[in-house]
Amino acid sequence: MSEHLIAGTTELLDGAERAFAGAPGAEALAEARRRLHEPLRVAIAGKVKAGKSTLLNALVGERLAPTDTGECTKIVTWYRDGHTYQVILHPRDGSAPVQVRFEREDGAVEVDLGGRDPVSVDHLDITWPSSNLRKITLIDTPGVDTLSEGVAEKAYEFLDPKDTETPADAVLYLMKHIHASDMRLLEAFHDEAVSQPNPVNAIAVLSRADEIGGGRVDSMASARKIAARLARDSRLRRLVQVVIPVAGLLAESAETLTEREFKLLTELATMSRSELETYLLSADRFIQGTPGMPLTSLEREELLGRLGIYGIRQSLALVRSKTVHSSVELSRELVSRSGLTDLQTILTTLFVDRAAVLKCRSALLAVERLCEQNPDHPGAAGLRLQIEQIMAMAHPFNELATLAAIRTGRIKAREQDLLDLERTLGANGTTPWQRLGLKQDTPADQIRTAAYESIARWQRLAENPLSPHELSQAARIGIRSLEELAVSLG
Ligand SMILES: Nc1nc2c(ncn2[C@@H]2O[C@H](COP(=O)(O)OP(=O)(O)OP(=O)(O)O)[C@@H](O)[C@H]2O)c(=O)[nH]1
Ligand SMILES: [Mg+2]
1409 MSEHLIAGTT
1419 ELLDGAERAF
1429 AGAPGAEALA
1439 EARRRLHEPL
1449 RVAIAGKVKA
1459 GKSTLLNALV
1469 GERLAPTDTG
1479 ECTKIVTWYR
1489 DGHTYQVILH
1499 PRDGSAPVQV
1509 RFEREDGAVE
1519 VDLGGRDPVS
1529 VDHLDITWPS
1539 SNLRKITLID
1549 TPGVDTLSEG
1559 VAEKAYEFLD
1569 PKDTETPADA
1579 VLYLMKHIHA
1589 SDMRLLEAFH
1599 DEAVSQPNPV
1609 NAIAVLSRAD
1619 EIGGGRVDSM
1629 ASARKIAARL
1639 ARDSRLRRLV
1649 QVVIPVAGLL
1659 AESAETLTER
1669 EFKLLTELAT
1679 MSRSELETYL
1689 LSADRFIQGT
1699 PGMPLTSLER
1709 EELLGRLGIY
1719 GIRQSLALVR
1729 SKTVHSSVEL
1739 SRELVSRSGL
1749 TDLQTILTTL
1759 FVDRAAVLKC
1769 RSALLAVERL
1779 CEQNPDHPGA
1789 AGLRLQIEQI
1799 MAMAHPFNEL
1809 ATLAAIRTGR
1819 IKAREQDLLD
1829 LERTLGANGT
1839 TPWQRLGLKQ
1849 DTPADQIRTA
1859 AYESIARWQR
1869 LAENPLSPHE
1879 LSQAARIGIR
1889 SLEELAVSLG
C-alpha cells in the first residue's frame, strides 16, 4: 500500500516539477522529494522549560541537546542520523549554510556560532550517528512563552505551515499543564489543507510527570490519571491523538546511567528507609544531609540533578527490594517507570509505522502550497485534481481524514461505536490485532473471524437508514480497512 502511495506522490512531484520549472517557490519540490526518502521528521514543541531538550536526549539515548541555559536552546536544532559528526548552520537571511565547530561539554553538544547572533540563525542541523535516529529525525524547538516575543515568534512561525513550509511531519507537544497558549500553538501546527485540523500527526506529552506528584513514589500514577483525564477533554482530542505522561529527566538519566551512579545509589540504600525519607522531603535537606549520612553533599547533589527526588526514591526502592542487581537492570527499570518505554511504543505505532503516509501528506501539502502561491499558473488546476485523486485512492489518507473527523466531533454516534471505529481505523496502531483490539499473539484464524464480525457490525451501521450520512461514510472506510486487513492475513 505504502509503495503505491509513494509512487503516486513521486509521480505528482514529477508533474509539479515539470509544470512549475522556474516558477517562484519551485525549489520546495526538490526538497519535498528528498524528504520522501528521508526518516520521518518529528518536532518536539512546547512552552519554555517544558523539558523538550531533556526528552529529546532521552529518545536519542544520549545527552546531546543542551538543557537549561546557553544561546543554542533558543535555536531550532535538528538531530539526524549520518556517518559523521557535523553541525551545519542555516542562516536566517537565506545565505548559504555553513559548517560550524562544536564541542561536547558535560555531554551536550555546544555549537560555536562564531559570534553570530542566535536570532540570525534559522536552524542548526546536527548529524550524529545514532541508531535511535535512523527512523526519525528529531527537531528540538525553542520554548514558546508569550507568543509576541522574538524567539517565541520564531517557533510559532516554525510550526505554522501557513507562513512557511512545515519542516516536520509530526509533532510531540510537551505540556506541564494545559494552558490557553498551549492550545493556540498546537492549533497553529494543524494545517487545514490536506485533512482539516488534524489530530493524526500530534501526540501530547504530559512532561515533567515526576513533579506532578511532588516526587512521591506514586507520582507517575497521579500523572497517568491526569493524562487520562486530559485525553478525554474534547478540546484536546481535536488536536492530539493521545496524552502520555513522561518523566523526561529520569528517562534521560536512566538511558545514560553510569556504573558509578549505580554504586552511589547502592551506598545510599544502606541508610534506613525511614531515616532517609525525612531527608527526601526537600532538595535542600537531601543535599545538606547530616554527618554520617552516606555520600558527600556534592555526590548527593549530583544524584539529585540527574534523577530528581522521584528517581532517587524509585532507584532506592528497586535496589533495596533486590529487584535490580546492576546498573543495566536499574537503567531498564527506570526507563520503563519514567514512561519513556510507553512513549517509544506509541511513537512507533502512531508515527513510525505510518511514516509513508505522513511523509506523503507533507509532500502533497508542499505541492498544494505551490499551487496556492501561483493560482493562475496553467498547471495548478491539474495538479490539484491529481492531489485529490491520490487522497481519494489512498486508503490510509481516508483513514487519517476519518480519524480527524471523529476527533473533531464531526461524526455523531454512540461513544463506544466511535471509540471502536477509531481503533479499526488504526488510532491505536495499524497491525491487525491492534485494529481489532485483540492480544498481540492472537492466532490468524481468530483475527480473521474477529475481522469478519467487525465488518458485519460496521455494515449494519453503514446501512442503517437512521445513521447520519457522515457516520455511514466513516463506517465504510472502516470496512475497507478491515477488508484490506483480512486480505493481508491470506
Ligand atoms: N524534575 C524534572 N525536571 C525536568 C524534567 N525534564 C526537564 N527537567 C528540568 O527542567 C529544566 C529545563 O529542561 P529543558 O529540557 O532544558 O527544557 P526545554 O523545554 O528544552 O527548555 P527551553 O528549550 O529553554 O524552552 C532542566 O533543569 C531540566 O533538568 C523532568 O521530567 N523532571
Ligand atoms: Mg530546550
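Here the numbering used here is used: the first residue of the sequence shown is 1409, the next is one more, and so on.
Even for Gly, the Cβ is constructed at its ideal location relative to N, Cα and C.
Computed from a prediction, not measured in an experiment: that's the story for all the values here.
For A1612, the enclosing beta strand (DSSP E) has its first and last residue at A1610 to L1614. Exposed is the label assigned to S1690, since fewer than 16 other Cβ atoms lie within 10 Å of its Cβ.
Beta-bridge annotation (DSSP): P1447 is not paired with any residue. With a cut-off of 6 Å, the C-beta of S1734 is classified as distant from ligand 1, since no heavy atom of the ligand falls inside that distance. Runs of the beta strand (DSSP E) lying entirely within the segment 1409 to 1470 and spanning at least 3 residues, in chain order: 1448 to 1454.
Screening all residues for a C-beta within a distance smaller than 7 Å of any heavy atom in ligand 2 leaves K1460, S1461, A1473, T1475, T1481, D1548, P1550 and G1551, in chain order. For P1702, the secondary structure class from DSSP, reduced to helix, strand or coil, is coil. For P1432, the CB contacts under 8 Å within the same chain, skipping 5 residues up- and downstream, are Q1781 and N1782 in chain order.
Inter-segment contact for the segment 1429 to 1443 and the segment 1790 to 1806 is absent: fewer than three beta-carbon pairs are separated by less than 8 Å. A Cβ-Cβ separation of about 6 Å places L1644 in contact with L1638 under the 8 Å criterion. Listed as beta-bridge partners of E1511 by DSSP are E1518.
Here the alpha carbon of V1760 sits roughly 29 Å from the alpha carbon of D1476.
Not one heavy atom of ligand 1 is found less than 6 Å from the C-beta of V1579.
At least one heavy atom of ligand 1 sits closer than 6 Å to the Cβ of G1656.
As computed with DSSP, H1498 is found in a beta bridge with H1531.
Inclusion of L1464 and V1517 in the CB contact set at 7 Å is not warranted, their separation being larger than that value. For W1536, the three-state secondary structure derived from DSSP is coil. Under the three-pair Cβ rule at 8 Å, the segment 1614 to 1625 does not count as touching the segment 1414 to 1430.
In the three-state reduction of the DSSP assignment, M1679 falls in the coil class. I1819 sits in coil when the DSSP states are folded into three classes, being neither helix nor strand. Residue P1653 holds the alpha-carbon nearest to the alpha-carbon of M1628 among P1653, A1458 and E1513. Between the alpha carbons of S1746 and Q1752 lies a distance of about 11 Å.
As the crow flies, the alpha-carbon of I1611 is around 47 Å from that of P1699.
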